[in-house]
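Please read the structure below before turning to the comments.
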Amino acid sequence: MSLLTLPKRLISSSFRSTPCHQSLRTRRQFCIKMSAESPQPPTRSITLPSQLSQPVEIVAASGVSDSELRIAIESLLFQQWLKNLQSENGVLATGVFLLKRVLIQVGRHSVFDREKWE
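Under the working numbering, the first residue of the sequence shown carries the number 15, and numbering increases by one thereafter.
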């Protein structure tokens with residue numbers, strides 16, 4: 015059966031471009047329309063000494079600006095984390111594992127140094 019032989023009411027109800035939902039209380043339809051093109055999140059690429067041939071992609075989560083991503087990458091906390099991964103006891107030390115991608119999320123909570131509070 016081709017599309018040309020279907021009645022108009024079946025075509026219009028079967029092939030909607032936006033998903034719709036009918037509320038049970040109000041019996042009104044509301045439709046959700048999502049953009050097919052979402053903006054690409056800011057990304058950076060870094061190369062670690064332990065894996066020179068495989069760069070690491072640093073990706074910003076939704077809502078993280080390019081400047082926030084840059085600040086996060088340059089932060090001492092992030093730099094120390096990378097250093098720990100590559101240290102003698104780190105996950106990347108043996109060369110068995112590779113770090114391919116890091117997702118940066120910015121929280122609204124403060125990070126406290128444990129030594130300060132002990």
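Idealized CB from N, CA, C, for every residue including glycine.
| query | result |
| --- | --- |
| Test item: CB-CB of V78 and V120 under 7 angstroms | yes |
| C-alpha distance - G109 paired with V116, whole-angstrom precision | 18 angstroms |
| E71, enclosing beta strand (DSSP E) - first and last residue | 65-74 |
| Enclosing alpha helix (DSSP H) for L106 [first to last residue] | First-last for L106: undefined, no H or E at that position. |
| Helix, strand or coil at S79 according to DSSP, with G and I counted as helix | coil |
| Residues near S59 in its chain [Cβ-Cβ closer than 6 angstroms; skip 5 each side] | P69, E71 |
| Sub-7 angstroms separation of P53 and D80 beta-carbons | no |
| Same chain only: Cβ atoms within 8 angstroms of Q65, ignoring 5 sequence neighbours per side | L106, G109, L112, L113 |
| Supposed contact pair P63 and Q100 - C-beta distance, whole angstroms, cut 8 angstroms | 7 angstroms |
| Rounded separation between L91 and N98 - CA only | 11 angstroms |
| Paired residues, beta bridge with V116 - DSSP | I72 |
| Pairwise C-alpha distance: R84 and S134 | With the chain running from 15 to 132 in the structure shown, residue 134 is simply not present. |
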